[in-house]
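Read through the structure below, which is laid out as structure tokens, and then see the notes.
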Amino acid sequence: MAHSIYLDHAATTPVRPEVLEAMLPYFSERFGNPSSIYERGRVALQVLDQAHQTVAEILGCSGREIIFTSGGSESDNFAIRGVAFANRERGNHLITSRIEHHAVLHTCEQLEKHFGFEVTYLPVDSHGLVDPDDVARAITSRTTLISIMYANNEVGTLEPIAEIGRIAREYGVTFHTDAVQAGMALDLNVNRLNCDLLSLSAHKFYGPKGVGILYVRKGVKLLPVQTGGSQERNRRAGTENVAGIVGAATALRLAQTARQVNNAYMVQLRDRLIAGVLDRVPGVQLTGHPSQRLANNASFVIPGIAGPEELLLGLDLQGIAASSGSACTSASLEPSFVLRAMGIPSHIAVGSLRLTLGPENTAEEIDYVLGVLPDLVHKLRELGGTQRNS
């Protein structure tokens, strides 16, 4: 029987059956527009309020502080542009890191290029960690926003968010964290994290694609980016995706309820995978922090291969779905900017491999991968040597 092993949960996850079941009625018999005043509309509005409250209970905030969006990218865009434009009279300086998702980096770059903002891009160490002291040193009287991700989407490193948030609060600067990779695996209590804005994406924790969440602490000045109607308390115009929002709230509740059990299981599989790869593939290097990392993330660079494409296709032919890094940049032929920011040379960074687990993966699947990967790497290295010598 052919294998079909999915090890790219950082890219996306399947919708859980319970989530799909919760969503289905809102595609058909409960199709009302929440802005309508008749019964069908009131039913839709009520379920939206319930979804806001479900998410709020998990984040430790008020339902009024939750905004549903079209995904993690919009949530990041909205947080950064919204705070930057709303506070422009106070200052035009933003702080972020060099390893953020492009939803953050490209937004900051656009604000620099077209709107006159200044952005400080903080370095990271060899494990991908931001130094909180660097954050403090970068703050000026014109700083209005700090945006540092909770967990890196490529190498899985966990950033010291609570400490950075404490520094931001001490200096009176608004703090946003991209928590898109954290929804299934980490504590999301915004008060313990000391954050003012937090972004999530439903399809990263077994919810539907095209639905995001943005937490905005009461009192934060935020200029709406999407204008039109008065939806989401006048903060995001557009008829709400009721089915998707129900799915997102249901998925987040299920993911956070099972978080500790799933993490304990995935850490066992992850460590089995990491140990096996390091033992069986000569020269391979683990990327990201060795322990301060997502429970499901095993990421490596493999010297001696020309690029990840042949490796990923070879794994695919053996029934293994993997990636070389962020799904949003997987088509790029350039080595990962995250790995380069961590000090990994380009000729090594091109051989990146990211294996990200889910609770449905098994030890038998890990052992199968460990049986396939070493031989595949050996063949690719031999092929590369032949091509260089020809």
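In the working numbering, the protein residues as written are 4 to 393. Backbone N, C-alpha and C fix where the C-beta goes; we use that ideal spot for every residue, glycine too.
- Taken through DSSP and simplified to helix, strand or coil, Gly-215 comes out as strand.
- Where Leu-272 is concerned, the enclosing alpha helix (DSSP H) starts and stops at 262-283.
- In terms of CA proximity to Arg-239, Gly-231 leads the group Leu-189, Pro-293 and Gly-231.
- The DSSP-derived three-state label of Tyr-9 is strand.
- Between Leu-108 and Ala-87, the CB-CB gap reaches or exceeds 8 Å.
- Between the segment 40-58 and the segment 144-154 there are fewer than three C-beta pairs closer than 8 Å, too few to call the two in contact.
- Boundaries of the alpha helix (DSSP H) harbouring Val-58: 42-62, taken from the DSSP string.
- Runs of the alpha helix (DSSP H) lying entirely within the segment 98-160 and spanning at least 4 residues, in chain order: 105-118 and 135-141.
- Just so you know, the alpha carbons of Gly-250 and Asp-52 end up roughly 14 Å apart.
- The beta carbon of Val-127 sits closer than 7 Å to those of Ser-100, Arg-101, Ile-102, Val-133, Ala-344 and Met-345, all from its chain and outside the five residues before and after it, given in chain order.
- Here the alpha carbon of Asn-155 sits roughly 30 Å from the alpha carbon of Arg-93.
- For Arg-236, the enclosing alpha helix (DSSP H) has its first and last residue at 234-237.
- With distances taken between CA atoms, Leu-272 lies nearest to Ala-298 out of Val-284, His-292 and Ala-298.
- Apart from the 5 residues on each side of it in sequence, Gly-328 sits with its Cβ closer than 6 Å to the Cβ of Glu-157, Ser-339, Ser-355 and Arg-357 in its chain, given in chain order.
- CA-to-CA, the gap between Phe-303 and Ile-347 works out to about 11 Å.
- With a 10 Å radius around the Cβ and a threshold of 16 neighbouring Cβ atoms, Ile-40 comes out exposed.
- Around the CB of Glu-42, fewer than 16 other CB atoms lie within 10 Å, so the residue is classed as exposed.
- In chain order, Ala-165 place their CB closer than 7 Å to the CB of Arg-195, counting only its own chain and leaving out the 5 sequence neighbours on each side.
- Here Val-304 carries a strand assignment [DSSP, helix/strand/coil].
- Looking at the DSSP output, Gln-288 sits in a beta bridge with Val-304.
- Beyond the five residues adjoining it in sequence on each side, Gln-295 comes within less than 6 Å, by CB distance, of Leu-161 in the same chain, given in chain order.
- Counting along the chain, the unbroken alpha helix (DSSP H) around Ile-83 starts and ends at 75-89.
- The residues Phe-208 and Ala-258, in chain order, have a CB closer than 6 Å to that of Met-187 in the same chain once the five nearest residues on each side in sequence are set aside.
- Spanning the alpha carbons of Thr-180 and Ile-98 requires a straight line of approximately 12 Å.
- If you draw a 10 Å sphere on the C-beta of Glu-243, you find 16 or more other C-beta atoms in it, and that means buried.
- Nearest to Gly-74 by alpha-carbon distance, out of Lys-212, Phe-118, Gly-119 and Ala-25, is Lys-212.
- Close CB contacts of Val-58 within its chain, under the 7 Å cut and outside five residues either way in sequence, are with Ile-69, Ile-216, Ala-252 and Leu-255 (chain order).
- In the three-state scheme derived from DSSP, where H, G and I count as helix and E and B as strand, Phe-71 is classed as strand.
- Restricting attention to Glu-385, Tyr-268 and Glu-337, the CA atom closest to the CA of Ala-366 is found in Tyr-268.
- Distance from the CA of Pro-293 to the CA of Gly-247, rounded to the nearest whole angstrom, comes to 36 Å.
- Beta-bridge annotation (DSSP): Asp-181 is paired with Ser-202.
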